[in-house]
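Participant: Sharing a structure below in structure tokens format, with a few things to ask.
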Amino acid sequence: MTDNQNKFTSNFWSRIRRYFIAGLLITAPISLTLLLAWEFIELIDTAVVAIIPQRYHPESVLPFSIPGFGLLIVFVTLTAIGAFTAGLIGRLWLKFSENVLGRMPVIRSIYNALKQIFETVFSDTNRSFKDAVLVEYPKNDMWVIGFLTGSTKGEVEEKIGAKVLVNVFVPTTPNPTSGFLVFVDRSKIHDLDMSVEDALKLVISAGIVVPGEKNKTIPVINQPERK
584 MTDNQNKFTS NFWSRIRRYF IAGLLITAPI SLTLLLAWEF IELIDTAVVA IIPQRYHPES
644 VLPFSIPGFG LLIVFVTLTA IGAFTAGLIG RLWLKFSENV LGRMPVIRSI YNALKQIFET
704 VFSDTNRSFK DAVLVEYPKN DMWVIGFLTG STKGEVEEKI GAKVLVNVFV PTTPNPTSGF
764 LVFVDRSKIH DLDMSVEDAL KLVISAGIVV PGEKNKTIPV INQPERK
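Each number in the numbering used here corresponds to the 1-based position in the sequence shown with 583 added.
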């Protein structure tokens with residue numbers, strides 16, 4: 584083969600490889616998202632439809648099944664419960680139920696913890712994660728991304744004393760649903776301009792996806808001079 588033929592072959596396979604990777608990067612996230620959504624819908628359908636009498640199943644009336652029927656039942660049920668507890672009778676029933684649970688030693692602790700978590704996550708007035716911040720951890724000149732969740736209160740604040748402390752949740756990579764809570768002096772953390780969503784993308788991608796990298800760069804803090 585001549586040099587021109589070798590060059591043409593090399594360029595051809597280089598383009599094929601580039602196009603293949605581009606196609607993979609485009610289709611993989613979409614395909615995985617749809618797959619996970621479908622698996623979630625099937626999981627809910629299987630669990631919910633199993634407790635519904637057979638005569639009320641869509642297949643009993645229609646010649647085909649309805650994907651998402653269980654999810655629809657869950658949505659309608661939760662909405663109805665929310666509407667019921669918004670009324671006087673519903674509030675009285677809820678208060679009675681909480682009083683009953685409050686008398687059970689182990690159940691009481693679990694219920695109160697779960698209730699507080701869900702109220703924090705789904706609250707309209709208080710976001711669970713307020714801001715993305717940088718915390719110097721686990722030692723000097725090492726930094727991690729954390730999320731400010733509020734001011735430190737209660738016994739922790741009383742024990743530590745004069746410092747103005749804040750609660751910071753430090754997530755793990757690539758699973759940000761796990762992590763640990765640290766109580767940090769407010770003056771020792773650095774606020775980030777990026778949103779909480781962008782900071783989560785940075786954590787999940789292990790630093791590969793840099794939010795706003797076209798017009799922003801991650802600030803370098805206390806970078807030592809090279810000699």
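A virtual CB, placed ideally from N, CA and C, is assigned to each residue, including glycine.
Runs of 3 residues minimum, wholly inside the stretch 711-782: which ones carry the beta strand (DSSP E) assignment?
Facilitator: Fully enclosed beta strand (DSSP E) runs of 3 or longer: 714-719, 726-734, 748-754, 762-768, 772-774.
Participant: For Y694, collect the residues of the same chain with a Cβ closer than 7 Å to its Cβ; drop the 5 residues on either side in sequence, then sort them by chain order.
Facilitator: Result list for Y694: L684, in chain order.
Participant: Please identify the residue among L608, I690, L615, F763 whose C-alpha is closest to the C-alpha of P721.
Facilitator: Looking at the Cα atoms, F763 is the closest of the given residues.
Participant: Take the Cβ of I728 as the centre, count every other Cβ of all protein chains shown within 10 Å, and call the residue buried at 16 or more, exposed below.
Facilitator: It counts as buried.
Participant: Under DSSP, the alpha helix (DSSP H) around F679 begins and ends at which residues?
Facilitator: That run of the alpha helix (DSSP H) goes 671-685.
Participant: Are there 16 or more other CB atoms within 10 angstroms of the CB of A782, so buried, or fewer, so exposed?
Facilitator: Buried, by the Cβ-count rule.
Participant: Should T660 be labelled buried (16 or more other beta-carbon atoms within 10 Å of its own) or exposed?
Facilitator: That one is exposed.
Participant: To the nearest angstrom, how far is the alpha carbon of N723 from that of R769?
Facilitator: If I take the Cα positions, the gap works out to 16 Å.
Participant: State the Cα-Cα distance for the pair G651 and E625, rounded to the nearest angstrom.
Facilitator: Going by the C-alpha atoms only, they are around 7 Å apart.
Participant: L785: buried (16+ other C-beta within 10 angstroms of its C-beta) or exposed?
Facilitator: Buried is the call here.
Participant: Output the distance between the C-alpha atoms of V644 and T610, rounded to the nearest integer angstrom.
Facilitator: Cα-Cα distance, rounded: 37 Å.
Participant: Taking A630 as the reference, give the member of L655, G665, E741, A666 with the closest Cα.
Facilitator: Comparing Cα positions, the closest option is L655.
Participant: Can you list, in chain order, the residues of its chain with a C-beta nearer than 8 Å to that of D628? Leave out the 5 residues immediately preceding and following it.
Facilitator: For D628, where only same-chain residues beyond five positions count, the Cβ hits under 8 Å are P650, G651, F652, G653, L654.
Participant: Buried or exposed: where does D776 fall if 16 or more other Cβ atoms within 10 Å of its Cβ makes it buried?
Facilitator: With fewer than 16 other Cβ atoms within 10 Å, it is exposed.
Participant: CA-CA distance, F701 and I664?
Facilitator: Each residue's Cα considered, the two are about 16 Å apart.
Participant: Alpha helix (DSSP H) containing L655: first to last residue?
Facilitator: Taken as a continuous stretch (DSSP letters only), the alpha helix (DSSP H) holding L655 covers 652-668.
Participant: Give the C-beta separation of N750 and T735 to the nearest angstrom, bearing in mind that I take them to be a contact with Cβ-Cβ under 8 Å.
Facilitator: Going by Cβ atoms, the distance from N750 to T735 rounds to 6 Å, so yes, they are a contact pair.
Participant: Would you grab the beta carbon distance between K746 and L731 for me? Rounded to a whole angstrom, and I think it's under 8 Å.
Facilitator: At roughly 16 Å, the Cβ-Cβ gap does not stay under 8 Å, so K746 and L731 are not in contact.
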